[in-house]
Amino acid sequence: MKRFAAGDVVRVLALGKTGHVRIPHYIRNQIGRVTAYCGTYLNPEDLAVGNTAGRAVDLYRVAFAQTQLWPDDMIPHHDTLVIEIYDHWLAPAEETPNAPRP
Amino acid sequence: MENDKSPKGYHDVGGDPAGDIPMVDLPWLHWEKQVEAIRGLLGDGTRRIVSLDEVRRGFESFGVEKYNSLSFYRRRLEAMTDILIEKGIVSRAELDEAIEAGTLRWTDVDTPS
Chain A
457 MKRFAAGDVV RVLALGKTGH VRIPHYIRNQ IGRVTAYCGT YLNPEDLAVG
507 NTAGRAVDLY RVAFAQTQLW PDDMIPHHDT LVIEIYDHWL APAEETPNAP
557 RP
Chain B
1075 MENDKSPKGY HDVGGDPAGD IPMVDLPWLH WEKQVEAIRG LLGDGTRRIV
1125 SLDEVRRGFE SFGVEKYNSL SFYRRRLEAM TDILIEKGIV SRAELDEAIE
1175 AGTLRWTDVD TPS
């Protein structure tokens, strides 16, 4: 069941999980915009401990404004960082000037 | 930049100050290609013996000192070996024996008699 579609504004959760996760610290709690749905994949957090029987999870491509991530005047305002994030690390968020335009 | 109160792994370096980036191409060594080839075989869809995420979990558990002392492919090699031993696919003794036999074989080749 897809929770998000391209154009949706999302916040990356700070789940505080131990073990292998694919969500770098710098992106946690940041607001971005979904640009694409990538399909369902086995959760790397399960695969990391040899569990190949877990449920497949939705993966989304999400864009973030570089100027929001890194406080640097040299960064052009239209630059984005695009990263793929699994469904359980995302929450719906309110529209914000910080989310890159679709 | 601190966005999450949970501890940040030593491998999670995105955004850390890094200084100048050396803009030099490193050679892709033969043994490094072999490591990737073996990892590919162990992780492919028909075998699923060791996944890439297991390898990552492996070197993310090295401790910062060991992690930083090893190159990209050494980390993968060591982690892959750890997982194979952890799963009982090979034993440390079997591995040591094979390394010794291989070393002898290659020493013979390298040393003209």
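Residue numbers (this note's numbering), protein chains in the order written: chain A, 457 to 558; chain B, 1075 to 1187.
Ideal Cβ placement from N, Cα and C applies to all residues, glycine included.
Nothing here was measured: the structure is a model prediction, and the numbers come from that model.
Could you check which residue in the options has the C-alpha nearest to that of residue i?
i	options	result
A/A547	A/G475, A/T474, A/R484 and A/A492	A/R484
A/T496	A/G506, A/Y542 and A/A549	A/Y542
A/T552	A/D464, A/I539 and A/A512	A/D464
A/R557	A/V518, A/A512 and A/A504	A/V518
B/H1085	B/W1102, B/S1125, B/P1096 and B/V1138	B/V1138
A/L515	A/I539, A/T523 and A/A470	A/I539
A/A504	B/A1172, B/G1176, B/K1161 and B/I1173	B/K1161
A/K458	A/G488, A/H533, A/Y482 and A/C494	A/C494
B/L1103	B/S1145, B/T1177, B/I1173 and B/L1178	B/S1145
A/H534	A/N507, A/W545, A/N554 and A/L498	A/N554
B/V1087	B/S1125, B/W1105, B/E1134 and B/G1117	B/E1134
A/T536	A/G488, A/V477 and A/E550	A/G488
Residue i and residue j: beta carbons closer than 9 Å?
i	j	result
A/V466	A/I479	no
A/G472	B/K1079	yes
A/E501	B/D1099	no
B/R1130	B/A1167	no
B/Y1147	B/E1110	yes
A/F460	A/V490	yes
B/L1169	B/T1181	no
A/Q522	A/P532	yes
B/S1165	B/I1159	yes
Helix, strand or coil: how does DSSP classify residue i here?
i	result
A/A512	strand
A/L546	strand
A/R484	coil
A/V490	strand
A/T552	coil
B/L1115	helix
B/T1100	First, the amino acid is wrong: residue 1100 of chain B is Leu here, not Thr. If DSSP states are grouped into helix, strand and coil, B/L1100 belongs with coil.
B/A1172	helix
B/V1138	helix
A/L525	helix
A/L498	strand
B/W1180	helix
B/V1109	helix
B/V1129	helix
A/L503	helix
B/M1075	Because the pLDDT of B/M1075 is 46, which lies under 50, any placement of that residue in the model is unreliable, and the question is left without a value.
What distance in whole Å lies between the Cβ atoms of residue j and residue i, which are believed to be in contact at a cut-off of 8 Å?
i	j	result
B/R1150	B/R1113	6 Å
A/A434	A/A492	The structure shown does not extend to residue 434 of chain A, since chain A is modelled only from 457 through 558, so no value can be given for it.
B/K1107	A/H481	With a Cβ gap of about 32 Å, B/K1107 and A/H481 do not count as contacting.
B/I1157	B/G1119	The pair is not a contact, with the Cβ atoms about 18 Å apart (cut-off 8 Å).
A/L498	A/G510	6 Å
Is the beta carbon of residue i within less than 8 Å of some heavy atom of the ligand GDP?
i	result
A/N554	Absence of the ligand GDP is noted for the structure shown, with no ligands found whatsoever.
So within the stretch 1146–1170 of chain B, which uninterrupted beta strand (DSSP E) runs reach at least 3 residues, ignoring any that extend past its ends? none
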